[in-house]
Amino acid sequence: MEKSSNRKTAIVVGGSSGIGQETCLRLVNRGWNVVNISRTPCKNAKVVNVTADVAVGNELIDAIKSACEKYTVSALVYSAGFSMAAPIEYAKEKDYKYLFDVNYFGALKAVQAVIPTFKNKGGKIILVGSLGGDLPISFDSFYSSSKAALEMFCRSAYSELKPYGIKVTGLLPGGTATAFTFKRKVYTEEENKSYSGKVNRAVAALANMEQGGMSPSAVAEIIYNLLITDNPPVIKTCGTKNTMFRLFSRVLPEKVTLRINERMYNQ
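If you read the sequence shown in the numbering used here, its first letter stands for residue 476, the second for the next number, and so on.
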C-alpha cells in the first residue's frame, strides 16, 4: 500500500471485531486499502494492522498520523466502543472514565488527527454512535451519555469542517448481533446491591435486543454506502424500524417515551 496508489484508503478504528471488522472486510473486498487501528488485529490478510489503545495517551493520534504519512487516506471510520451495566449510585470512576475515553474522547482524538490531512483534499468521517444516545439504556447510562455526546459532536464537526470539504456523519445503529453483547462489563450482585434484580433484567433485555437485531454486515453496508455518497447525511439511523422509533421518541411526550423505554428493559 503506497501513497501513489490510486485506490482509496480508509482508516478504521476498532476493526478487529463486530461492526468495525465487517467494515474492514466490506472495504477490502471492494477494492479499498484499509488500515485498522485496534488493540488486536483484524484477521483479514488484506488489512494493514496497527496496534494502539484508544484510551492510552497519544497512541491513537500517533497511529493515525503515521498512517496518513504513509498512505493517501480519504476516510475515517471510528467504531471502537465499550459498554458497562451498573447503577449510577455505585459506578466506579475508573470504569466510566475509561468508557468515555473509548466512546467519546477516542473519537475526538481520531478526528483531530485526520483534520490536517483532510483539510488539504477533503475526506469522509463516520463516527459510529448508537440509538442509545437518543433513547437511554437502563443501567447503561454512561454508554448512552457518551453516545449522546458523540452525536452532538458529529453535528458540530459537520458544520465546522464542511468548508474544508470534510464530511462528517454520525451513524446510529440500534441492536446489532455482535460479540459486543458478551464483552459488556456487568457489575456483580455485590456491586449492584439493591439494584441487582433490575440490572440483571435490563442486561438480559438488552442482550436479547442486540442478538435479535441487525447483522454487523448490514451496518457495514450502510457505512460503505455513506463513504461513496457525495453528500452523506449528518446523522444516519440504521434500519427502518430504528428510524421510526427514533422519530416517535421525538414527537411523543418525554415521560411517555421514557416509560415505553423502561418497559423495554423490564423496569
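Every residue gets a Cβ at the ideal spot worked out from N, C-alpha and C, and that includes glycine.
What you are looking at is a predicted structure, and each value in this text was computed from that prediction instead of being measured.
Sub-7 Å separation of residue i and residue j beta-carbons
| i | j | result |
| --- | --- | --- |
| Lys-622 | Gly-608 | yes |
| Leu-625 | Leu-610 | no |
| Cys-713 | Val-726 | no |
| Ala-652 | Gln-686 | yes |
| Leu-647 | Gly-688 | no |
| Gly-649 | Leu-606 | yes |
| Asn-504 | Val-522 | no |
| Thr-691 | Gly-493 | The residue asked about is misnamed: residue 691 is Pro in this sequence, not Thr. Taking 7 Å as the Cβ cut-off, Pro-691 and Gly-493 qualify as a contacting pair. |
| Pro-562 | Tyr-670 | yes |
For residue i, the three-state DSSP class (helix, strand or coil)
| i | result |
| --- | --- |
| Leu-535 | helix |
| Leu-727 | coil |
| Tyr-553 | strand |
| Ile-494 | helix |
| Ile-703 | helix |
| Ala-560 | strand |
| Ser-479 | Any reading at Ser-479 needs caution, since the residue's pLDDT is 44, under 50, leaving its predicted position unreliable; the model's value is listed next. Here Ser-479 sits in coil by DSSP. |
| Ile-600 | strand |
| Leu-625 | helix |
| Asn-757 | Limits of the chain in this structure are 476 at one end and 742 at the other, which puts residue 757 out of reach. |
| Lys-642 | strand |
| Lys-521 | coil |
| Val-487 | strand |
| Thr-718 | helix |
| Ile-612 | coil |
Cut-off 7 Å between Cβ atoms - residues of its own chain near residue i, not counting five sequence neighbours on either side
| i | result |
| --- | --- |
| Ser-479 | Summary for Ser-479: the model assigns pLDDT 44, below 50, so the residue's position carries little reliability; its value from the coordinates is reported in the next sentence. Cβ within range, chain order: n/a, list empty. |
| Ala-530 | Tyr-573, Asp-576, Val-577, Gly-581 |
| Cys-517 | Gly-490, Ser-491, Gln-496, Cys-499, Asn-511, Asn-524 |
| Ala-680 | Met-739, Tyr-740, Asn-741 |
| Ser-724 | Asp-609, Leu-610, Thr-732 |
Proximal residues to residue i (C-beta, below 8 Å), its chain only, five neighbours per side dropped
| i | result |
| --- | --- |
| Met-559 | Ala-566, Asp-570, Tyr-571, Leu-574, Asp-615, Phe-617, Tyr-618, Arg-659, Lys-660, Val-661, Tyr-662 |
| Ser-541 | Val-525 |
| Ser-554 | Val-487, Val-488, Gly-489, Gly-490, Gly-493, Ile-494, Gly-495, Thr-498, Val-603 |
| Arg-630 | Gly-645, Val-709, Ile-710 |
| Ile-666 | Residue 666 is actually Glu in this sequence, not Ile. Answer for Glu-666: Ala-561, Tyr-565, listed in chain order. |
| Phe-720 | Leu-606, Leu-610, Gly-649 |
Spatially closest choice to residue i from the options, by CA coordinates
| i | options | result |
| --- | --- | --- |
| Ser-513 | Ile-735, Val-487, Asn-533 | Val-487 |
| Gly-490 | Phe-655, Ile-641, Tyr-639, Lys-545 | Phe-655 |
| Gly-640 | Phe-593, Cys-629, Ala-530 | Phe-593 |
| Asn-519 | Gly-495, Glu-568, Gln-742 | Gly-495 |
| Ile-536 | Val-523, Leu-551, Thr-547, Val-522 | Leu-551 |
| Leu-772 | Leu-722, Tyr-699, Phe-720, Gly-649 | Missing from the structure shown is residue 772; the chain here goes from 476 to 742 and no further. |
| Thr-732 | Ile-612, Glu-664, Tyr-579, Phe-657 | Ile-612 |
| Asn-683 | Glu-696, Glu-666, Phe-657, Ile-703 | Phe-657 |
| Gly-556 | Lys-596, Asp-528, Lys-545 | Asp-528 |
| Tyr-579 | Phe-628, Glu-665, Ile-590 | Phe-628 |
| Asp-705 | Gly-597, Glu-568, Cys-517, Glu-564 | Gly-597 |
| Thr-715 | Ile-703, Ile-697, Lys-730 | Ile-697 |
| Lys-637 | Ile-590, Glu-664, Ser-620, Gly-672 | Ile-590 |
Beta-carbon proximity list for residue i, same chain, < 6 Å, skipping 5 on both sides
| i | result |
| --- | --- |
| Leu-502 | Ala-485, Val-509 |
| Lys-483 | Trp-507, Ser-549 |
| Thr-417 | With the chain running from 476 to 742 in the structure shown, residue 417 is simply not present. |
| Leu-722 | none |
| Glu-534 | Ala-527, Asp-528 |
Cβ-heavy atom distance, residue i to the ligand MN, below 6 Å
| i | result |
| --- | --- |
| Phe-628 | Summarising the ligand content, the structure contains no ligands, and the ligand MN is consequently not present. |
(message) Tell me whether the stretch 697–711 and the stretch 671–681 touch, counting them as touching only if at least three CB pairs, one residue from each stretch, are closer than 8 Å.
(response) Contact between the stretch 697–711 and the stretch 671–681 is absent, because fewer than three Cβ pairs lie under 8 Å.
(message) For the structure I just gave you, are there three or more beta carbon pairs, one from the stretch 626–645 and one from the stretch 582–591, closer than 8 Å?
(response) At 8 Å Cβ cutoff, the stretches touch.
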